[in-house]
Ligand code: FDP
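In my numbering, the protein residues as written are 741 to 1076.
So, in structure tokens, the structure goes:
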């Protein structure tokens, strides 16, 4: 196993050496995502000092106000990946349509779906933020992939991960061989392995949810959250509530310490809030690779057949036992 402290660059070289057929293209792509994360970190560290806080005045395809930092993070990813030349098409929360990068080869290439800045309500108050990415291989016969060619099940992702911009910047990813976490060392400007082979605890004692929405939830969801607040020493209840307003930050906590994050469907909005292709799918792959579980309450996230680029899904994600219990409540099957 690679040693703690190993730089991302060295980790990539060592991992690639174990796969003689690897072309190095994927490794380079991962390095570019790390590079985009460094640049976004620099912007965020100076955000209060220069005029990049607040809203742009525009609304994105989701109908949400675009923050200046959302736009800046999106541009940073585009510029870095365009220069890198490994990706033929990008799709993000901030763009209605996919963006084709003409410098990239049309035959065999990678497709990157991403949320450039997750947790937008945190931008102006110095709270944690994240970026989420999902990578597919596209091997179409000719020409650029159509928009429907991007609608792939989460199980087909070749890699996925996130950057968390918190008290330090952390890059966590999986390419199907476990989940690894790297912390950006500002002294050397590189990421160092700090969390090798992450495993999610089977069960936690923390839940993350916007409980202000309680009255909008269906009965099963409300019963589950009520259950978490009951006193029962044997099962660790009541659980502790932690909700940062940043999905990446909450999922990172669960990955390391266990528990559950929920953004459930609501009675009048059963599809929930989060986006399947660039939020739920990549985080589900990371969490499942670490031994966790991710579903909508009715089905596993990674097996959903997407119908649209910006499709929303309810999300329950975290420790396998906690997510299974939540699903049982939502499906009306829980018997205490
Ligand atoms: P945001 O819209 O602020 O970018 O991705 C969406 C997300 O944040 C998650 O990061 C976060 O967990 C959730 O939505 C917050 O939504 P609420 O404000 O509705 O709780």
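From the three backbone atoms N, C-alpha and C, an ideal C-beta is built for every residue, glycine too.
Going by CA-CA distance only, name the one from 997, 868, 753 and 1029 that's closest to residue 947.
It is 997.
Is it buried or exposed for residue 832, if we count other Cβ within 10 angstroms and need 16 for buried?
The residue is buried, with at least 16 neighbouring Cβ atoms inside 10 Å.
Going along the chain, which residues put their C-beta within less than 6 angstroms of some heavy atom in the ligand FDP?
Per the Cβ criterion, the list is 858, 859, 860, 861, 950, 985, 986, 987, 1013, 1014 and 1019.
Considering only residues of the segment 769-827, which uninterrupted beta strand (DSSP E) runs meet the minimum length of 3 residues and lie entirely inside it, listed in chain order?
The segment 769-827 contains these whole beta strand (DSSP E) runs: 795-799 and 805-807.
With DSSP collapsed to three states, give me the class of residue 856.
Residue 856 falls in the strand class under three-state DSSP.
Provide the residue span of the alpha helix (DSSP H) that contains residue 753, from first to last.
Run containing residue 753: 748-757, per the alpha helix (DSSP H) assignment.
Going straight from the alpha carbon of residue 1005 to that of residue 958, what length do you get?
Cα to Cα, residue 1005 sits roughly 8 angstroms from residue 958.
Could you name each continuous alpha helix (DSSP H) segment of 4 residues or more that falls completely within the segment 982-1031, going from the start of the chain to the end?
Segments of the alpha helix (DSSP H) lying fully in the segment 982-1031: 987-997 and 1021-1029.
Going by CA-CA distance only, name the one from 969, 982 and 909 that's closest to residue 929.
Per the Cα distances, 909.
Can you confirm whether the segment 1054-1064 touches the segment 1020-1038 when touching is taken to mean that 3 or more C-beta pairs between the two stretches lie within less than 8 angstroms?
The segment 1020-1038 vs the segment 1054-1064: in contact.
CA-CA distance, residue 789 and residue 907?
Each residue's alpha carbon lies about 18 angstroms from the other.
Between residue 776 and residue 868, how many whole angstroms is the CB-CB distance? I'm expecting something under 8 angstroms.
About 17 angstroms; that fails the 8 angstroms criterion.
For residue 926, count neighbouring Cβ atoms within 10 angstroms of its own Cβ and tell me buried if that reaches 16, exposed if not.
Flag for residue 926 reads exposed.
How big is the Cα-Cα spacing for residue 934 and residue 749?
So the two alpha carbons sit approximately 14 angstroms from each other.
Please list the terminal residues of the continuous alpha helix (DSSP H) segment that includes residue 910.
Residue 910 -> not in any alpha helix (DSSP H); beta strand (DSSP E) instead, spanning 909-914.
To the nearest angstrom, how far is it from the Cα of residue 846 to the Cα of residue 885?
For residue 846, the predicted structure reports a pLDDT of 49, less than 50, and the residue's modelled location is therefore unreliable. A value from the coordinates is still provided. If I take the Cα positions, the gap works out to 8 angstroms.
Rounded to the nearest angstrom, what separates residue 986 and residue 941 at their Cα positions?
If I take the Cα positions, the gap works out to 21 angstroms.
Look up residue 846 in the DSSP assignment and say whether it is helix, strand or coil.
With a pLDDT of 49 at residue 846, under the threshold of 50, the modelled position of that residue is not reliable, and the figure given next carries that caveat. If DSSP states are grouped into helix, strand and coil, residue 846 belongs with coil.
Is the separation between the beta-carbon of residue 960 and that of residue 1069 shorter than 9 angstroms?
Their beta carbons are under 9 angstroms apart, which means residue 960 touches residue 1069 by this criterion.
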